[in-house]
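So the protein lines, in turn, are chains F and B.
So the first sequence is numbered by our numbering: it starts at -10 and just counts up by one.
So the second sequence is numbered by our numbering: it starts at 19 and just counts up by one.
Yeah, the Cβ is synthetic: ideal placement off N, Cα and C, and Gly gets one too.
In what follows, a structure is listed as structure tokens, so that the remarks can point back to it.
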Amino acid sequence: MARFDLNDGGVVVIVGSGAGGGTLGNELAQKGVKVVILEAGSRIEMQDFVNDEWESFTQLAWSDMRTTSGSWRVAKDFPNLPAWIVKAVGGSTTHWAGASLRFDEHEFRVKSTYGDIAGANLLDWPITLAEMEPWYAKAEDKMGVTRTNGIAGLPGNNNFKVMEAGAKKLGYKSVHTGNMAINSEPRDGRGACQQIGFCFQGCKSGAKWSTLYTEIPRGEATGNLEVRPNSMVIKIEHDASGKVTGVVYADESGAMQRQKARVVAVAGNSIESPRLLLNSASNMFPNGLANSSGQVGRNYMRHMTGSVYAAFEKSVHMYRGTTMAGIIKDESKNDPKRGFVGGYEMETLSIGVPFMAAFLNPGAWGRSFTSAMESYPRMAGMWLVGEDMPQESNRITLDAKAKDKFGMPVASVHFDDHPNDVAMRNHAYKQGAAVYEAVGATVTYPTPPYPSTHNLGTNRMSEKPKDGVVNKFGQTHDVKNLFISDGSQFTSGAACNPTLTIVSLAIRQADHIAGAMQRKEI
Amino acid sequence: MREVDRRSKYDRRVFLKGAATAVPAVAIATSAGLSVSDAWADDATTLAPATLKTLVKVARDIYPHDFLGDSYYIAAIKLWDGKAAKDPAVKSLISDGVTQLDKAANERHKVPYAQVPWETERVVLLQQIEQTPFFQKVRGDLVVSLYNQKEVWPKFGYEGSSAEHGGYIKRGFADIDWLPKA
Chain F
-10 MARFDLNDGG VVVIVGSGAG GGTLGNELAQ KGVKVVILEA GSRIEMQDFV NDEWESFTQL
50 AWSDMRTTSG SWRVAKDFPN LPAWIVKAVG GSTTHWAGAS LRFDEHEFRV KSTYGDIAGA
110 NLLDWPITLA EMEPWYAKAE DKMGVTRTNG IAGLPGNNNF KVMEAGAKKL GYKSVHTGNM
170 AINSEPRDGR GACQQIGFCF QGCKSGAKWS TLYTEIPRGE ATGNLEVRPN SMVIKIEHDA
230 SGKVTGVVYA DESGAMQRQK ARVVAVAGNS IESPRLLLNS ASNMFPNGLA NSSGQVGRNY
290 MRHMTGSVYA AFEKSVHMYR GTTMAGIIKD ESKNDPKRGF VGGYEMETLS IGVPFMAAFL
350 NPGAWGRSFT SAMESYPRMA GMWLVGEDMP QESNRITLDA KAKDKFGMPV ASVHFDDHPN
410 DVAMRNHAYK QGAAVYEAVG ATVTYPTPPY PSTHNLGTNR MSEKPKDGVV NKFGQTHDVK
470 NLFISDGSQF TSGAACNPTL TIVSLAIRQA DHIAGAMQRK EI
Chain B
19 MREVDRRSKY DRRVFLKGAA TAVPAVAIAT SAGLSVSDAW ADDATTLAPA TLKTLVKVAR
79 DIYPHDFLGD SYYIAAIKLW DGKAAKDPAV KSLISDGVTQ LDKAANERHK VPYAQVPWET
139 ERVVLLQQIE QTPFFQKVRG DLVVSLYNQK EVWPKFGYEG SSAEHGGYIK RGFADIDWLP
199 KA
């Protein structure tokens, strides 16, 4: 395994080891580029994952202090937990569900397609679906996405069968067990899904793709990649010419270290990545690094989300088997006649009794709540995930008071639903309930959004430097050897789960960085 | 379909030792197959036994599950004695909260909270304090300490950890048999 010197200014430093950072690190290492990944969390291997929701949450979740504001309900129910993401090697690819969907063509051209929408800061991506298709194909092959590359779909579990039966009764056409980066058959050195049912707690069989046990060890095997866990980057430094020169990070013992770098790529998820840029403000960049546009931290998107759980007369046992292997795609189109632009997916979802108690209706108590809890084995559940509107006022800022243990201001997350988000959620709740009522649900529960798992948009891509933070390769408009490699690059959120697009962009970005390094452009 | 055996699959003594070490009286009572005696609260170090007993009633009124015996609610609230021992602010929050609740019960029903006969009447008293830090602390902790007990999971038809059993691939992940033909 490689070990690089702190003063080795030839390395690419990547902040974060998840879908973006872990993939970029491996791709660069495969091309012979020396890489140091600095990961804030610990290295927790597959065998150490636990099938226990709260224990796993304690083991994996990013629980460092954050603050919230805005009218979203998460700010009231979970004021210091705006996002449910992971602090560990592998990042949120340890707990993601595996849903791997491509954007639709129009979802790269939202401004052109939706037009002007009051309050929305819409912008077309500087790339098109046609440009992304080859990279999507590489990502699908790498991750082993079902229903691509000749890989069979996963078998449907009980929760899927309920959703499928209801969807067919309603006349929905595009209903299947999803495009999942979970092996339906042994592939690429990993086994087939055992239907364990704890996808969110880290896959103990390794059937689900995670950078933790795919990209990262492969990159390490080249001798070009070093991963340093428990290394929290607190500042990116630059020279008098405005080029970045390295990062300062707190190591395992809390001591400050300075790692020099030729290139820095930030992939800390859409809350920490803008926080790091803002905390790296200097005399030359008083508003934060790469922030001449003022867009760093803005346009925070979290997807329109919600869940519908439904109780039936007889048992379902929704928790058995792959959590999210089930989808209804019919509502993902853009059909403004429904009263909103953009679309949404309906995907199977289950949570266990401990999380159901916490998330079904946070704060609720009494007989109506316990009656719902007692229907648990007879419940089916789905997650609703759709495109939300980017808004400049939805943003990550530095908290004026709260500081982390290193004295750096923590991230404050402000979010208000856009009227389009609300209209979409209400439509989705109605359709979700109808799916279950079609097969005999006795009661349905429209469940509010959980802390955000899809955090997007806070360092967005733009053709023009004034409209965003990075160009079509994730390179910051202001600093040519500084890149953004996570979902914060997203110009818009699309209806679908973001990981496949993050991975595709990272593969593409690695190609660009390696080429630019070879040409001595960076 | 494979249904879940609602009887506990956990050894109760082991469970109580592991999850709530501060309740030996409960462990003794339940392991002997007896109903929970009144003695369980007597070994509390910080909160008054009467306070703890009222909290059990409050806990049941917040999350009433008639198929759960008192031992689960005791295990869920007994943790507060330890928290109160460590933090005087918690001690006064809990003690004062229960005192106020008893006062409100006495004013309206001439008896302390735990002796108000109907759940619906007690719930009215709780609704009046719903926004207080006392209630929010009690409810917020309870939603974890009650529902995160492994021993209650089978009673909700939930099977918990599955990887060590090979997942559900051969244990009914797709055994639903009552749906209309798609």
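**Message:** Can you tell me where the alpha helix (DSSP H) holding F/Trp43 begins and where it ends?
**Reply:** 42 to 49
**CB-CB length for F/Leu387 against F/Leu267, believed under 8 Å** = 5 Å
**Request:** Under 7 Å Cβ to Cβ from B/Val22, same chain only, skipping five residues before and after it: list those, please.
**Result:** Pro172, Gly175, Glu177
**B/Lys128 beta carbon less than 8 Å from that of B/Leu65** = no
**Message:** Assuming B/Gly115 is part of the alpha helix (DSSP H), what are its boundary residues?
**Reply:** 106 to 127
**Message:** When you compare the CB of F/Ala128 with every CB in chain B, is at least one pair closer than 8 Å?
**Reply:** With 8 Å as the cut-off, F/Ala128 does not count as an interface residue toward chain B.
**Prompt:** If we cut at 8 Å on Cβ distances, does B/Ile80 have a partner in chain F?
**Reply:** yes
**Asked** Is it a yes or a no for the segment 419 to 433 of chain F touching the segment 113 to 128 of chain F, going by three-plus beta-carbon pairs under 8 Å?
**Response** Result no; under three Cβ-Cβ pairs closer than 8 Å.
**Asked** What is the residue span of the alpha helix (DSSP H) that F/Ile514 lies within?
**Response** In the structure displayed, chain F extends from -10 to 511; residue 514 of chain F sits before or after that span and is not available.
**Item:** Cβ shell of F/Met368 (< 7 Å), same chain only, five flanking positions each side left out
**Value:** Tyr298, Ala299, Ala300, Val305, Met307
**Message:** Bridge partners for F/Tyr434 per DSSP, in chain order?
**Reply:** F/Tyr298
**Prompt:** Of all the CB atoms in chain F, is at least one closer than 8 Å to the CB of B/Trp196?
**Reply:** yes
**Item:** Separation of F/Lys131 from F/Met450, as counted between CA atoms
**Value:** Rounded to whole angstroms, F/Met450 to F/Lys131 spans 24 Å at the Cα level.
**Request:** Could you pull the start and end residues of the alpha helix (DSSP H) that F/Glu334 belongs to?
**Result:** Element bounds for F/Glu334: not the alpha helix (DSSP H) but the beta strand (DSSP E), 333 to 337.
**contact_flag[the segment 404 to 413 of chain F, the segment 273 to 283 of chain F] where n(CB pairs < 8 Å) is 3 or more** = Inter-segment contact for the segment 404 to 413 of chain F and the segment 273 to 283 of chain F is absent: fewer than three beta-carbon pairs are separated by less than 8 Å.
**Message:** Can you find the residues in the same chain that come closer than 8 Å, C-beta to C-beta, to F/Glu34, ignoring five residues on each side of it along the sequence?
**Reply:** Correct list, in chain order: Leu201, Tyr202.
**Where F/Lys469 sits in the DSSP three-state scheme** = coil
**Message:** Rounded to the nearest angstrom, what separates F/Gly341 and F/Gly212 at their Cα positions?
**Reply:** 41 Å
**Asked** What is the rounded straight-line gap between the Cα of F/Ser262 and the Cα of F/Gly277?
**Response** 12 Å
**Prompt:** In terms of alpha-carbon separation, which member of F/Met413, F/Arg217, F/Glu204, F/Met221 lies closest to F/Gly243?
**Reply:** F/Met221
**Item:** Interface flag, B/Val32 vs chain F, CB-CB below 8 Å
**Value:** Because B/Val32 sits at a pLDDT of 41, beneath the cut-off of 50, its placement in the model cannot be relied upon, and the following sentence gives the value as read from the coordinates. With 8 Å as the cut-off, B/Val32 does not count as an interface residue toward chain F.
**Asked** How big is the Cα-Cα spacing for F/Met273 and F/Thr234?
**Response** 14 Å
**Asked** With DSSP run on the structure shown, which of helix, strand or coil describes B/Ala40?
**Response** Confidence is the limiting factor: at B/Ala40 the pLDDT is only 43, short of 50, which leaves the residue's position unreliable, though a coordinate-based value still follows. The answer is coil: DSSP assigns B/Ala40 none of H, G, I, E or B.
**Prompt:** Are there 16 or more other CB atoms within 10 angstroms of the CB of B/Trp136, so buried, or fewer, so exposed?
**Reply:** exposed
**Request:** Give the secondary structure of F/Gln464 by DSSP, where H, G and I count as helix, E and B as strand, and everything else as coil.
**Result:** Looking at F/Gln464 - three-state DSSP - the assignment turns out to be strand.
**Message:** For F/Thr386, list the residues DSSP reports as bridge partners.
**Reply:** In DSSP, F/Thr386 forms a bridge with F/Ser401.
**Message:** List, in chain order, every chain B residue whose beta-carbon is nearer than 7 Å to that of F/Arg356.
**Reply:** Pro82
**Message:** Looking at the secondary structure, which residues open and close the beta strand (DSSP E) in which F/Arg247 lies?
**Reply:** 245 to 249
**Item:** Residue closest to F/Phe329, alpha-carbon to alpha-carbon, out of F/Asn415, F/Gly463, F/Arg497, F/Pro437
**Value:** F/Asn415
**Message:** Using a Cβ-Cβ cutoff of 8 Å, what residues of the segment 181 to 193 of chain F are near chain B? List them in chain order.
**Reply:** Cys182, Gln183, Gln184, Ile185, Gly186, Phe187, Lys193
**Message:** Beta carbons nearer than 7 Å to chain F: which residues of the segment 159 to 170 of chain B have them?
**Reply:** Val161, Val162, Tyr165, Asn166
**Message:** Strictly below 9 Å CB to CB, what residues from chain B border F/Val432?
**Reply:** Among the residues of chain B, none has a CB under 9 Å from the CB of F/Val432; the nearest is roughly 16 Å distant.
**Message:** Please give the ranges of any beta strand (DSSP E) in the segment 252 to 277 of chain F, keeping only runs that are unbroken, at least 3 residues long and fully inside the region.
**Reply:** For the segment 252 to 277 of chain F, the continuous beta strand (DSSP E) assignments of 3+ residues that do not extend past its boundaries occur at 252 to 255, in sequence order.
**Message:** Measuring only the C-alpha atoms, how far is F/Gly375 from F/Asn69?
**Reply:** 24 Å
**Message:** Assuming the contact rule is C-beta atoms closer than 8 Å, B/Leu70 and B/Ala77 should be a hit. Round their C-beta distance to whole Å, please.
**Reply:** Your pair B/Leu70 and B/Ala77 does not check out as a contact, with CB atoms roughly 10 Å apart and the cut at 8 Å.
**Request:** Please confirm whether F/Gly5 and F/His84 have their CB atoms less than 8 Å apart.
**Result:** no
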